[in-house]
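For the sequence shown, this note's numbering gives the first residue as 1, with consecutive numbering after it. Glycine included, C-beta positions come from ideal geometry on N, C-alpha and C. Okay, so here's the structure we're looking at.
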Amino acid sequence: LALASVVAENRRAQAQLLELATTDPLTGLFNYRKLLDVMRTEIARAHRTGRPFTVIFMDMDGLKRINDTFGHLVGSRALARLAERMRASCRTIDTPARYGGDEFAIVLPETDEAGARTVLGRLEGLLQADTARPPIAVSGGVALFPRDGDSPTLLLRAADRLLYEAKAKSPRR
Numbered sequence: 001l002a003l004a005s006v007v008a009e010n011r012r013a014q015a016q017l018l019e020l021a022t023t024d025p026l027t028g029l030f031n032y033r034k035l036l037d038v039m040r041t042e043i044a045r046a047h048r049t050g051r052p053f054t055v056i057f058m059d060m061d062g063l064k065r066i067n068d069t070f071g072h073l074v075g076s077r078a079l080a081r082l083a084e085r086m087r088a089s090c091r092t093i094d095t096p097a098r099y100g101g102d103e104f105a106i107v108l109p110e111t112d113e114a115g116a117r118t119v120l121g122r123l124e125g126l127l128q129a130d131t132a133r134p135p136i137a138v139s140g141g142v143a144l145f146p147r148d149g150d151s152p153t154l155l156l157r158a159a160d161r162l163l164y165e166a167k168a169k170s171p172r173r
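Shown next as structure tokens:
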């Protein structure tokens, strides 16, 4: 009985360590490390099935202004609100992740560019409907595998470039 208790405690500790290693503590989303693992898995799946997947790379518009005006606690809460809306915008097979700072990504298995733009639009709609203050918004770029790259690094680089192209065209600049 004592051995069973030790084994159970060890399993709980391992599960907790895995969660800490793969999850962003502020938002509860997956972190950069897990994002790369998921992207490598999706690349392997896409090679096997011939089906595309997309990566949305986005950042929160105006986080520095929020932090400067309302304080970092409100800025942190804004990041957490964004994460909640990201989860609400995704299917259970999608992977929303915090890349770092105010940058986020969503991996969308078996989704083309039009589907990814639909998810991004859904997220933007949820953010616009959010009555909490301060209001938050995102800018995003969509990369398609294999068109925009055949590795996590190349896909994220392409999506980041497309994000900044979208920001340059945005009236929120």
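Under the three-pair Cβ rule at 8 Å, the stretch 114-131 counts as touching the stretch 87-94.
Residue burial annotation: Pro-52 is buried, with at least 16 other C-beta atoms found within 10 angstroms of its C-beta. DSSP, read as helix, strand or coil, puts Leu-144 in strand. Per the C-alpha coordinates, the member of Leu-162, Val-74, Pro-25 and Ala-137 positioned closest to Gly-149 is Leu-162.
For Ala-105, the uninterrupted beta strand (DSSP E) segment begins and ends at 103-108.
Only residues of its own chain outside the window of five on either side were considered, and among them Phe-57 and Gly-141 have a CB closer than 7 Å to the CB of Asp-160, listed in chain order. Residue pairing for Val-55: DSSP places it in a beta bridge opposite Val-107 and Ala-143. By the C-beta density criterion, Ala-21 is exposed, having fewer than 16 other C-beta atoms within 10 angstroms.
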